[in-house]
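Numbering (the numbering used here), first residue to last: 6 to 398.
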């Protein structure tokens, strides 16, 4: 039965991507097969072998340890804040540690550890899949740096890209998450699904792009990677810390607005038609959830989470998931947890468009024209990732 739903989920992603394709006759089936094979290998080793499960457990434990270290700084600044017994302050416990994680990323970037990992991981990915050196590098780097910083690393290439290559790199950015947020996600959903989704999303975005946006990459291309930071060490560290704080505050502000809006809509719909807004969304998205392999009894709940994430962001949906986990099956929890680990939502369209426009006005206009197709591709990539994870539960 799991294999059957893997097929239905794959067929849904392929058919929707094919309908939206700009060149249906030249879909890159060989590249898709290689990328999908990598996904199956990664997911099998991670979720179906003792060694892989242990590694995922250790990675999750490491990020939990980092969150504990971050608590030292948070407690020093906010230690005087008193909350009622048993309460947890989301802003302090989940968002503020982003500042510390961002500082660590800044250090690793400054001492060239992250650039080294990104460069050679991208090189290896391209050698295996032949999706293009720029595309491979960008797919790996966006999973670490996130938006909008990742665009700066290829700022010299962006003005020269055609619309198809521009679509691929933007879809990769929307399908990924930044490393600075991974630990915070793990406070809300099981860490193993976060880690697996990070790897699978890199490949899912490329698979969907091979259908929606097929083209042949230049095998002899060489790319020049721009250094994001050329400042002295403490200036770099201060910048990353400040950016981490801005990100935490921005996410907090968005959560206040979006959660309040969802609450308002739920109460309004309940008062008028006696059914909540999120339940309506659940019915709309439930067929997709079912095709992904979500058990019948959970499809409405999972569908509502999928819609919530698309309309708002992953943090809002993860917050709702925390209240549902006890009532969801293990399979449904695995699928939706993996699905939520990406930036695919309406808000990130503005981030992608604005980031590209800041580098090239012309290219930013191109991105704005295919923004809805970009969101479609990134969402399909998340569906593909969730479907693959569901194979093992």
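Note that CB positions come from ideal geometry on N, CA and C, so glycine has one too. If you're wondering where the values come from, they're calculated on a predicted model, not measured in any experiment.
**Request:** Evaluate residue 165 with the Cβ neighbour count: other Cβ atoms within 10 Å of its Cβ, from every protein chain shown; 16 or more gives buried, anything less gives exposed.
**Result:** exposed
**Prompt:** In whole angstroms, what is the alpha-carbon distance linking residue 368 and residue 354?
**Reply:** 14 Å
**Asked** Which two residues bound the contiguous alpha helix (DSSP H) that contains residue 201?
**Response** 196-217
**Message:** Let me check understanding here. Comparing Cα to Cα, which of 197, 65, 277, 173 lies closest to residue 375?
**Reply:** 173
**Message:** I'd like the span of the alpha helix (DSSP H) that includes residue 248, first residue to last.
**Reply:** Start and end: 238-278.
**Message:** I need the straight-line Cα distance from residue 342 to residue 67, nearest angstrom please.
**Reply:** Their Cα atoms are separated by approximately 19 Å.
**Prompt:** Within 10 angstroms of its Cβ, does residue 114 collect 16 or more other Cβ (buried), or is it exposed?
**Reply:** buried
**Prompt:** Taking the alpha-carbon positions, what's the residue 96 to residue 191 distance?
**Reply:** 15 Å
**DSSP three-state assignment for residue 101, whether helix, strand or coil** = When secondary structure is reduced to three states using DSSP, residue 101 falls in the coil class, being assigned neither helix nor strand.
**Asked** For residue 327, does the count of other Cβ atoms within 10 angstroms reach 16, so buried, or fall short, so exposed?
**Response** exposed
**Prompt:** alpha helix (DSSP H) containing residue 69: first to last residue?
**Reply:** 55-83
**Message:** With three or more C-beta pairs closer than 8 Å as the rule, is the region 205-221 touching the region 170-189?
**Reply:** yes
**Prompt:** Is the closest heavy atom of the ligand NAP to the C-beta of residue 187 under 7 Å?
**Reply:** Because no ligand of any kind appears in the structure shown, any question about the ligand NAP cannot be addressed here.
**Asked** What did DSSP end up calling residue 116 once you bin it into helix, strand or coil?
**Response** coil
**Prompt:** Quick one, are the C-beta atoms of residue 313 and residue 303 less than 8 Å apart?
**Reply:** no
**Prompt:** So residue 382 is in the alpha helix (DSSP H); what residue range does that whole segment cover?
**Reply:** 376-395
**Prompt:** Should residue 319 go down as buried or exposed, given a rule of 16 or more other Cβ atoms within 10 Å for buried?
**Reply:** buried
**Message:** Please classify residue 30 as buried or exposed, where buried requires at least 16 neighbouring CB atoms within 10 angstroms.
**Reply:** exposed
**Asked** Considering only the beta carbon of each residue, do residue 298 and residue 10 sit closer than 8 Å?
**Response** yes
**Message:** Can you give me the C-alpha to C-alpha distance between residue 276 and residue 47, rounded to a whole angstrom?
**Reply:** One C-alpha to the other measures close to 47 Å.
**Prompt:** Just how far apart, CA to CA, sit residue 395 and residue 340?
**Reply:** 5 Å
**Prompt:** residue 205: which of 34, 153, 130 sits nearest, CA to CA?
**Reply:** 130
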